[in-house]
């Protein structure tokens with residue numbers, strides 16, 4: 001497997017041909033949530049059990065490499081790693097990231113790519129609203145639905161729990177009142193936690209709105225005093 005990397009440094013542009021899959025893929029993880037608010041920073045850690053000399057982080061947009069960063073690896077007992085600091089972020093930082101490991105003596109031979117991470121930039125558009133489509137108490141075994149609504153004509157709505165986005169968003173549908181919404185069916189088995197929703201447009205799917213105010217889903221065995229401290233919409237899941 002090969003990869004073509006085009007690098008530019010004024011006044012010249014270089015095309016580099018790389019060989020991939022020479023070594024086992026490293027691991028890539030976001031040390032903070034992959035939902036990054038406009039102007040904030042995120043650190044992506046690339047690590048491996050192999051003692052690489054160098055790690056390279058690539059960002060991708062529409063399936064092609066947009067940019068790349070290279071760092072010398074830090075060695076420790078059990079492997080090597082490099083921490084890439086991204087930001088303060090702009091919409092241009094949104095996209096898919098991968099990392100690779102290599103050795104100095106064969107810098108054109110890279111490992112397999114890590115599993116990709118999608119970085120979403122939030123805070124670009126007016127926030128939608130999120131609500132529970134039922135009473136505040138949900139009995140065990142009942143389905144729960146969260147409704148995300150906006151007066152902006154978003155193409156998609158997205159749901160997150162504890163800062164981690166659910167895998168798939170839902171297309172928005174215009175309702176009779178003229179607003180746009182999506183209903184997220186969580187099913188009878190619901191994870192307690194803080195939920196928020198976001199809107200996005202089709203031509204910039206990794207750039208999201210300001211998050212909605214949170215909805216807290218709590219299990220009924222939690223103390224009532226905990227509920228009294230919450231100022232946001234709350235639903236109790238009865239066990």
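Residue numbers (UniProt numbering): 1 to 239. All C-beta atoms in this analysis are idealised placements derived from N, C-alpha and C, irrespective of residue type, glycine included.
| query | What three-state label does DSSP hand residue 75 in the structure shown? | reply | Working through the chain shown from its first residue, we reach residue 75 at position 75. Strand at residue 75.
| query | For residue 116, which of helix, strand or coil comes out of DSSP? | reply | As a working mapping, residue 116 is identified with position 116 in the chain shown. Residue 116 carries a coil assignment under DSSP once its states are collapsed to helix, strand and coil.
| message | Can you give me the C-alpha to C-alpha distance between residue 128 and residue 186, rounded to a whole angstrom? | response | Here residue 128 refers to the residue found at position 128 of the chain shown. Here residue 186 refers to the residue found at position 186 of the chain shown. Looking at the two C-alpha atoms, the distance is approximately 19 Å.
| query | Near residue 109, which residues of its chain fall below 7 Å by C-beta distance, leaving aside the five closest residues on each side in sequence? | reply | In the chain shown, the residue the question calls residue 109 occupies position 109. Within the same chain, residue 109 has close Cβ partners 19, 22, 102.
| task | Under 6 Å Cβ to Cβ from residue 98, same chain only, skipping five residues before and after it: list those, please. | result | The residue given as residue 98 occupies position 98 in the chain shown. Here the set comprises 58, 113, 114, 116.
| query | DSSP state of residue 105, grouped into three classes? | reply | Against the chain shown, residue 105 aligns to sequence position 105. Coil, per DSSP.
| said: In the DSSP assignment, the beta strand (DSSP E) including residue 44 goes from what residue to what residue? | reply: The residue labelled residue 44 in the question sits at position 44 within the chain shown. In the DSSP assignment, residue 44 falls within the unbroken beta strand (DSSP E) covering 42-48.
| Using the beta-carbon count (16 or more within 10 Å), is residue 191 buried or exposed? | Stepping through the chain shown from its first residue, residue 191 is reached at position 191. By the 10 Å Cβ count, residue 191 comes out exposed.
| field | Counterpart residues of residue 196 in DSSP-defined beta bridges | value | Indexing the chain shown from 1 puts residue 196 at position 196. Bridge partners of residue 196: 160.
| request: Apply the 10 Å Cβ neighbour rule to residue 168 and answer buried if 16 or more other Cβ atoms are within range, or exposed otherwise. | output: In the chain shown, residue 168 corresponds to position 168, counting from 1. Counting Cβ neighbours within 10 Å, residue 168 comes out exposed, since fewer than 16 surround it.
| query | How is residue 92 classed by DSSP in three states: helix, strand or coil? | reply | Within the chain shown, numbered from 1, the residue matching residue 92 stands at position 92. DSSP places residue 92 in helix when its eight states are reduced to three.
| Going by other Cβ atoms of all chains shown within 10 Å of its Cβ, with 16 needed for buried, is residue 124 buried or exposed? | Taking the first residue of the chain shown as 1, we reach residue 124 at position 124. So residue 124 ends up on the buried side.
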